[in-house]
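Trainee: The numbering of the sequence shown is the UniProt record's numbering, which starts it at 1 and goes up by one.
Beta carbons: idealized from backbone N, C-alpha and C, even for Gly.
Would you mind keeping the following structure in view while I ask a few things?
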Amino acid sequence: MTMGTLMVMLSAAMWGLSGVCGQFLFENYHPYPVWLIAVRQVAAGILFLLFMRIKGEPLLALWRSGRKNITEMLWFTLGLLGAQFMYYYTISVSNAPTSTILQYQAPIFIILWQAFVRRRMPEGRELLGVVLAMTGVFLISTHGDPSHLVISPVALASGELSAIALCIYMIAPENILKQFPTMLIMGWGQLISSLFLLPFCNLTDSGVSAWTPAAAGAVAFIILGGTIIPFTLFLAGVKLIGPTKASLISCFEPLATILFTVFFLGTVLLTVDYAGMALIMITVFMLSMKKNT
């Protein structure tokens with residue numbers, strides 16, 4: 001295994017573990033989801049921008065580059081906020097594997113959006129991906145019985161919204177990503193998105209039932225292990241092995257989330273859950289290979 005591959009796998013595992021830390025907090029310490037996301041976003045935003053400042057990047061250059069770039073940045077920020085908030089909110093009302101897999105439907109929404117914009121039907125492989133993903137969601141949410149939801153309607157709705165928001169987050173910054181460092185864009189996106197949440201929470205009132213070392217450690221990992229550390233590892237890995245291989249290896253995140261949740265938190269998943277998750281992951285692999293070939 002090359003160093004680049006190891007870096008990308010480690011970054012994916014850390015992103016997966018940050019979701020598991022969220023489930024651990026919600027199940028045992030009951031923080032307010034809005035508080036957790038606000039703290040994560042503001043801290044991560046400051047860290048990203050501080051890192052860029054240390055590297056000598058002009059922090060305000062993006063905001064002086066024209067209205068079109070600013071508009072893209074604001075759309076990116078809204079997508080980032082929606083993806084992060086809905087991801088952790090879905091964890092709070094279900095579990096980390098379900099939330100992660102539902103969010104991984106984002107490529108399907110991108111296909112549907114591109115079909116609408118270009119006014120053309122999706123290609124055969126894309127249509128197959130849509131069918132597989134929808135079947136996977138059906139199995140996860142109903143266990144094959146259409147008359148009965150096994151996850152709450154709120155969890156299903158918020159999971160779908162997280163995928164749609166991730167779609168916006170992935171599409172919106174097309175031009176600014178060509179002009180500015182990814183970390184600079186992420187830093188501003190994280191920081192500004194936190195400002196949207198501050199009116200709805202009090203940073204001094206977390207809702208955490210008891211600040212034990214485990215609770216503090218989980219929050220710290222969500223802030224550091226779920227943002228700047230894995231992001232830095234991922235970008236370093238991309239430089240070594242290229243974006244094609246890195247994008248496929250990063251799909252290790254849902255698997256890592258499942259493994260961590262089952263072994264560390266004792267979450268019980270049925271065979272039909274694994275089948276539904278597998279269908280969605282097959283879709284992601286299939287579409288990623290098509291995109292990068």
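For Q190, count neighbouring C-beta atoms within 10 Å of its own C-beta (all shown protein chains included) and say buried if the count is 16 or more, exposed if not.
Mentor: buried
Trainee: Report the rounded CA-to-CA distance for F260 versus N175, giving the unit in angstroms.
Mentor: 37 Å
Trainee: How about I151 and I101: do their beta carbons lie closer than 8 Å?
Mentor: no
Trainee: Give every residue of the same chain whose Cβ lies closer than 8 Å to the Cβ of L149, excluding the five residues on either side of it in the sequence, and list them in chain order.
Mentor: S141, T142 and L156
Trainee: Spatial neighbours of F200 within its chain, please: CB distance less than 7 Å, with the 5 preceding and 5 following residues excluded, ordered by chain position.
Mentor: V34
Trainee: Would you kindly work out how many angstroms separate the C-alpha atoms of F26 and R120, rounded to a whole number?
Mentor: 43 Å
Trainee: At what residues does the alpha helix (DSSP H) containing V20 begin and finish?
Mentor: M3 to N28
Trainee: According to DSSP, is V238 helix, strand or coil?
Mentor: helix
Trainee: Grouping DSSP H, G and I as helix and E and B as strand, with all else coil, what is E126?
Mentor: Assigned with DSSP and collapsed to three states, E126 falls in helix.
Trainee: From M277, W63, A236 and L279, pick the residue whose C-alpha is nearest to that of I185; which is it?
Mentor: Nearest of M277, W63, A236 and L279 to I185, Cα basis: W63.
Trainee: Less than 8 Å separating the beta-carbons of Q114 and L166?
Mentor: No, they are not a contact pair.
Trainee: Do M14 and I229 have their beta-carbon atoms positioned less than 8 Å apart in this structure?
Mentor: yes
Trainee: Roughly how many angstroms lie between the CA atoms of L240 and M7, to the nearest whole one?
Mentor: 9 Å
Trainee: Tell me the rounded alpha-carbon separation between V20 and L112.
Mentor: Rounded to whole angstroms, V20 to L112 spans 30 Å at the Cα level.
Trainee: Between which two residues does the alpha helix (DSSP H) holding G45 run?
Mentor: P33 to I54
Trainee: So, at 6 Å on beta carbons, what are the nonlocal neighbours of M277 in its own chain, with the 5 sequence-adjacent residues on each side left out?
Mentor: I101
Trainee: Could you check the C-alpha separation between Y169 and E72 for me, to the nearest Å?
Mentor: 10 Å
Trainee: Looking at the structure shown, is I151 part of a helix, part of a strand, or coil, going by DSSP?
Mentor: coil
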